[in-house]
Amino acid sequence: MPLLEIRNLVVEFDTAAGPFRALDGVDYTVDAGEVLAIVGESGSGKSVAMLAVMGLLPDTATITADRMAFEGRDLATLSPKDRRQVIGKDISMIFQEPIASLNPCFTVGFQIGEVLKTHTRLSGSERAARVIELLKAVGIPEPERRLSSFPHQMSGGQCQRVMIAMAIACSPKLLIADEPTTALDVTIQKQILDLLLKLQAESGMGLIMITHDMGVVAETADRVVVQYQGRQMEEADVLSLFESPKHPYTKALLSALPENATGDRLPTVGDFRALFETAPKEATA
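For the sequence shown, position 43 matches number 173 in my numbering, and the numbering has no gaps at all.
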C-alpha cells in the first residue's frame with residue numbers, strides 16, 4: 131500500500147472571470163523511503179496539488195479526487211480534528227520563501243516549540259531540549275543561543291534550516307519540500323539538498339520534492355512526475371526520464387538545460403497546449 135495515493139485530483143478556483151481549473155486529473159503515489167519529484171515550470175500546479183493534500187487551499191477552491199489517501203485513510207473524509215492530528219505530524223511541509231513563512235514576531239525556538247506543543251505531550255523542558263536537538267540536526271551553529279533569535283536575525287539559509295527543523299519535529303512519515311532551495315546561493319542549495327536526503331535516508335520517510343530545477347531532480351529523485359499547466363505529462367523513474375523522455379514537453383525541458391545546448395542560444399520550451407487533446411497522459415511510463 132502506498133504511503134500517499136492520489137487519483138484524478140482536480141482543483142478549481144472561483145474567480146471574477148469564472149472557474150479556473152488549476153489541476154486537471156493528476157495522479158501521485160509515494161512509498162515510504164521513496165523520493166518523488168514533481169517538476170514543471172511556474173504555474174503548472176505543483177504547489178497547488180500539495181496544498182490540497184495539506185488542506186491549506188482557500189475556500190474559493192473546489193477539490194475533487196477519486197482517491198486521496200494517506201496510509202489507506204481517506205483524507206477527504208477525515209474530520210477537521212482527525213485531519214489536524216495527521217497534518218503537521220505524520221505529513222509535514224517545507225514551504226517556499228522561509229523568511230515569509232516564519233512569523234517575524236516570535237523567536238525560532240518558540241515557533242519550533244509550538245509544533246511540539248500541538249502534536250506531542252512533551253513538557254516545557256523536554257520541548258526546549260528537543261528544539262535544541264532539532265537545530266543541531268539541521269546544522270544551525272550555537273543552537274542554544276539561536277533559540278532566542280528572530281527570523282530577521284538569521285540568514286536565508288539558516289531560516290530554511292529552521293523551516294526544516296519545524297517540519298521534521300514530529301518525525302513525519304511524509305515530508306513535502308516545496309522549492310526548498312529557492313533564492314539560496316548555489317553552495318547553500320547543495321547543503322540544503324544534502325540535509326534533506328540525509329534526514330530522509332535516516333528516517334525512511336517518504337519525500338516529495340517540488341521543483342522546476344531538473345538538476346535538483348537528477349540529484350534527489352527516485353521517480354519523477356512532469357506537469358504542465360495543471361496536467362500530468364509524464365511519469366517515470368529518474369534514470370528513464372533523463373535517458374529516454376517520452377513526452378515532447380519533457381524533451382523540451384531537458385533540451386533547455388545549459389549542458390544540452392547545441393548552439394549559441396538555449397532553445398525555448400514553447401507552448402504545448404495543443405497536445406492536451408492528444409497526449410495528456412499517453413506518454414506516462
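Note that beta-carbon positions come from the ideal geometry of N, C-alpha and C, so glycine has one too. Computed from a predicted structure; not experimentally measured.
query, result
"Could you say which of Val216, Lys320, Asp220 and Met339 lies nearest to Glu309 if we only look at CA atoms?", "Met339"
"Using a 10 Å radius around the Cβ and a threshold of 16 neighbouring Cβ atoms, would you call Glu164 buried or exposed?", "buried"
"Between the segment 333-348 and the segment 253-260, can you find at least three pairs of beta-carbon atoms closer than 8 Å?", "no"
"Verify whether the separation of the beta carbon atoms of Leu314 and Gly286 is less than 8 Å.", "yes"
"By Cβ distance below 8 Å, which residues in the same chain neighbour Arg213 in space, the five residues on each side in sequence not counted?", "Gly185 and Leu205"
"I need the boundaries of the beta strand (DSSP E) containing Gly336, first residue and last residue.", "Gly336 to Thr341"
"Excluding the five sequence neighbours on either side, which residues of its own chain have a C-beta within less than 6 Å of the C-beta of Pro410, listed in chain order?", "In this prediction, Pro410 has a pLDDT of 43, which is less than 50 and means its spatial position is unreliable; what the coordinates show is noted afterwards. For Pro410, where only same-chain residues beyond five positions count, the Cβ hits under 6 Å are Arg361."
"Alpha carbon to alpha carbon, what distance is there between Ile294 and Glu227?", "12 Å"
"Pull up the distance between the alpha-carbon of Ser209 and that of Gly202, whole angstroms please.", "15 Å"
"DSSP state of Val141, grouped into three classes?", "strand"
"Taking only the alpha-carbon atoms, compute the straight-line gap between Ile262 and Glu274 and give it to the nearest angstrom.", "6 Å"
"Hey, quick one: how far does the alpha helix (DSSP H) through Val169 stretch, first residue to last?", "Taken as a continuous stretch (DSSP letters only), Val169 belongs to no alpha helix (DSSP H), being part of the beta strand (DSSP E) at Val165 to Val169."
"Does Gln321 come out as helix, strand or coil in the three-state DSSP assignment?", "helix"
"Which residue comes first and which comes last in the beta strand (DSSP E) that contains Gly155?", "Gly148 to Val160"
"Flag this pair as yes or no: are the beta carbons of Leu139 and Met198 separated by less than 8 Å?", "yes"
"Just list the beta strand (DSSP E) runs in the segment 183-260, keeping only unbroken ones of 3 residues or longer that don't cross its boundaries, in chain order.", "191-194, 197-200 and 221-224"
"On a Cα-Cα basis, can you pick out the residue from Thr194, Ala299, Pro281 and Ile270 that is closest to Ser231?", "Pro281"
"Among Leu153, Ala331 and Asp157, whose alpha-carbon lies nearest the alpha-carbon of Leu187?", "Leu153"
"Just the Cα atoms here: how many angstroms apart are Glu135 and Asp220?", "15 Å"
"If distances are taken between C-alpha atoms only, which option among Leu166, Ala267 and Ala191 comes closest to Val178?", "Ala191"
"By the DSSP assignment, the alpha helix (DSSP H) with Gln283 in it spans what residues?", "First-last for Gln283: undefined, no H or E at that position."
"Note down the Cα distance separating Leu327 from Thr350, rounded to an integer number of angstroms.", "7 Å"
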